[in-house]
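Numbering (the working numbering), first residue to last: 8 to 322.
See structure below.
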Amino acid sequence: MPRPLMAPPELLHTDLTGRRYVVTGANSGIGRVTASQLVAQGADVTLAVRRPDDARSVAAELDGPGSVDVVALDLGDLASVRRCADTLLAADRRIDGLLNNAGVMNTSEGRTKDGFETQIGINHLGHYLLTELLLDRLRASAPSRVVNVSSCYHDVAQKRTGEVVLDDLHFERRAYDGWKAYAQAKLANVLHARALAKRLDGTGVTAVSLHPGWVRTRLIRHSLPVWAQDTILRPFLRAAGMIEPWEGAQTSLYTLLAPEVEEHPGAYFSQIGRYRDRALDGGGWPMRSPNPQVHDDGLVDALDAHSRQLVGPAA
Ligand SMILES: NC(=O)c1ccc[n+]([C@@H]2O[C@H](COP(=O)([O-])OP(=O)(O)OC[C@H]3O[C@@H](n4cnc5c(N)ncnc54)[C@H](OP(=O)(O)O)[C@@H]3O)[C@@H](O)[C@H]2O)c1
8 MPRPLMAPPE
18 LLHTDLTGRR
28 YVVTGANSGI
38 GRVTASQLVA
48 QGADVTLAVR
58 RPDDARSVAA
68 ELDGPGSVDV
78 VALDLGDLAS
88 VRRCADTLLA
98 ADRRIDGLLN
108 NAGVMNTSEG
118 RTKDGFETQI
128 GINHLGHYLL
138 TELLLDRLRA
148 SAPSRVVNVS
158 SCYHDVAQKR
168 TGEVVLDDLH
178 FERRAYDGWK
188 AYAQAKLANV
198 LHARALAKRL
208 DGTGVTAVSL
218 HPGWVRTRLI
228 RHSLPVWAQD
238 TILRPFLRAA
248 GMIEPWEGAQ
258 TSLYTLLAPE
268 VEEHPGAYFS
278 QIGRYRDRAL
288 DGGGWPMRSP
298 NPQVHDDGLV
308 DALDAHSRQL
318 VGPAA
């Protein structure tokens, strides 16, 4: 297996005093480790989470000169997304980076509160609205970043090719398949970053997407018991390429913090992964996605317009 890509040590010692980051899904896994590192570097970090009580315990454990606060966010409920944005904007503070990190994978068929298919609803549409609502503040805080945590599964997920089907985003006409729905949602994360990059050209807000690696987190819980992953299977999974949360946070930290990322608006940054072209498995910061839909400008614009229509006004 290729070795995980690691952020330059000096980047992870940069003083972030005075900078503020919002991390969705920061209660666990990659989001939690990313938030922890930002606080350790002196940043003010908002944990935007579905379970605020748990996040308060997480916040108490984050150690460093930066500050931590918690805001409730259920990405499966657009009213909750709007309340979260209102809270974030009410505090008259800058936003240097929004890490759209929360996600679910391979869930059984279901709907969000607003009637969207669960995975496109939580992974893409909830984040789409949150980003829209925070855009003015991100612009006012420029140079700033929007980072979408996607997946190499936007290309191929468990043999299902990633495909956004605009006229059946919610699997009303197709048979539901949890991996297909995940691949579609993660492809939407990549297309969303591309659309933002087009719209934000010249504003100083840089939007990108990334694959964090195959990381030992709770994400697997709808496919495999987490205890099995973390105990009996762990050495085998590591040998097969699974990495630890600290390694999984590297691409998020790099894309949030590295100055050179500004030169790649809309780009996709990949930790080691699994692609249809195995030559790409070593990843790259940035890397050209092998999924042709990523490079379809018409689809980028169409998904952007469709998503905006689905989530309603961003005001
Ligand atoms: N782990 C991997 O191998 C891997 C690979 C590729 C991409 N990714 C991506 O990495 C991101 C982080 O996942 P992870 O691996 O760190 O898994 P994780 O530990 O399960 O973290 C996901 C977070 O998202 C939150 N979340 C789920 N549904 C939510 C909702 N409706 N509203 C708000 N928050 C919600 C979860 O909160 P609760 O605890 O409340 O459920 C959890 O804290 C995801 O976007 C995932 O697709 C992970």
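Yeah, the Cβ is synthetic: ideal placement off N, Cα and C, and Gly gets one too.
None of the values given here were measured: they were computed from a predicted structure.
Segments of 4+ residues assigned as alpha helix (DSSP H) that fall wholly inside the stretch 43-119: As far as the stretch 43-119 is concerned, its whole alpha helix (DSSP H) runs of at least 4 residues are 59-68 and 85-97.
Near G104, which residues of its chain fall below 7 Å by C-beta distance, leaving aside the five closest residues on each side in sequence? Non-local C-beta neighbours of G104 in its own chain, meaning closer than 7 Å and more than five positions away in sequence, comprise Y28, S151, R152, V154 and L263, ordered along the chain.
Heavy atom of ligand 1 within 7 Å of H218 beta-carbon: H218 Cβ: within cutoff of ligand 1.
Identify the continuous alpha helix (DSSP H) that holds Y189 and give its terminal residues. Here the alpha helix (DSSP H) through Y189 covers G185 to R206.
Closest to A309 by C-alpha separation, out of H229, A247, D174 and R180, would be which residue? Cα-wise, what sits closest to A309 is D174.
Any chance the CB of M294 is under 7 Å from a heavy atom of ligand 1? M294 Cβ: outside cutoff for every heavy atom of ligand 1.
Whole angstroms is fine: what's the gap from L306's alpha carbon to Y189's? For L306 and Y189, the distance between alpha carbons rounds to 18 Å.
Can you name, in chain order, every residue of its own chain whose Cβ lies under 8 Å from the Cβ of L96, other than the five neighbours on each side? Within the same chain, L96 has close Cβ partners L140, L141 and R144.
Element boundaries [beta strand (DSSP E), containing V215]: DSSP places V215 inside the beta strand (DSSP E), whose first and last residues are V212 to H218.
Quick one: Cα of I129 to Cα of N196, how far? Those two C-alpha atoms are separated by around 11 Å.
Is W253 helix, strand or coil when you go by DSSP? Here W253 carries a helix assignment [DSSP, helix/strand/coil].
Name the one or two DSSP bridge partners that T31 has. In the DSSP assignment, T31 is bridged to A55.
A274 vs P293 beta-carbon contact at 8 Å: Contact annotation: A274 and P293 have beta-carbon atoms nearer than 8 Å.
Which term fits K187, buried or exposed, when burial requires 16 or more other beta carbons within 10 angstroms of its beta carbon? Buried, because 16 or more other Cβ atoms sit within 10 Å of the Cβ of K187.
Excluding sequence positions up to five away, which residues of its chain have a Cβ less than 7 Å from the Cβ of A214? Once the five neighbours on either side are set aside, the close Cβ partners of A214 are V153, A200, L203, A204, L207, P272 and G273.
Report the three-state DSSP secondary structure of V318 (helix, strand or coil). For V318, the secondary structure class from DSSP, reduced to helix, strand or coil, is helix.
Check whether the Cβ of V222 sits closer than 7 Å to any heavy atom of ligand 1, and report yes or no. Relative to ligand 1, V222 has its C-beta within less than 7 Å of a heavy atom.
Between V52 and V78, which are expected to be in contact by the criterion C-beta below 8 Å, what is the C-beta distance as a whole number of angstroms? About 11 Å; that fails the 8 Å criterion.
Given the structure, does V56 come close to ligand 1, in the sense that its CB is under 7 Å from one of the ligand's heavy atoms? Annotation for V56 indicates a beta carbon within 7 Å of some heavy atom of ligand 1.
Three-state class that DSSP yields for Y282 in the structure shown: In the displayed model, Y282 falls within coil according to three-state DSSP, outside both helix and strand.
First and last residue of the beta strand (DSSP E) that includes W292? Its beta strand (DSSP E) spans residues G291 to M294.
So, are the CB atoms of G133 and L198 less than 8 Å apart? A distance of 8 Å or more separates the beta carbons of G133 and L198.
May I ask you to check if the CB of I127 is nearer than 7 Å to at least one heavy atom of ligand 2? This structure lacks ligand 2; the ligands present are ligand 1.
Own chain partners of A147 with C-beta closer than 8 Å, once the 5 adjacent residues on each side are dropped: Cβ within range, chain order: R101.
The beta strand (DSSP E) with V154 in it runs from where to where? Counting along the chain, the beta strand (DSSP E) containing V154 begins and ends at S151 to V156.
What three-state label does DSSP hand E17 in the structure shown? Note: E17 maps to coil in three-state DSSP.
State the DSSP-derived secondary structure class of S277, mapped to helix, strand or coil. S277 falls in the strand class under three-state DSSP.
Where the alpha helix (DSSP H) through T24 begins and ends: No alpha helix (DSSP H) holds T24; DSSP gives it neither H nor E.
Please list the terminal residues of the continuous alpha helix (DSSP H) segment that includes E139. Start and end: H134 to A147.
Using a threshold of 8 Å, state whether the C-beta atoms of I127 and Q191 are closer than that. In this structure, I127 lies near Q191, with their beta-carbon atoms less than 8 Å apart.
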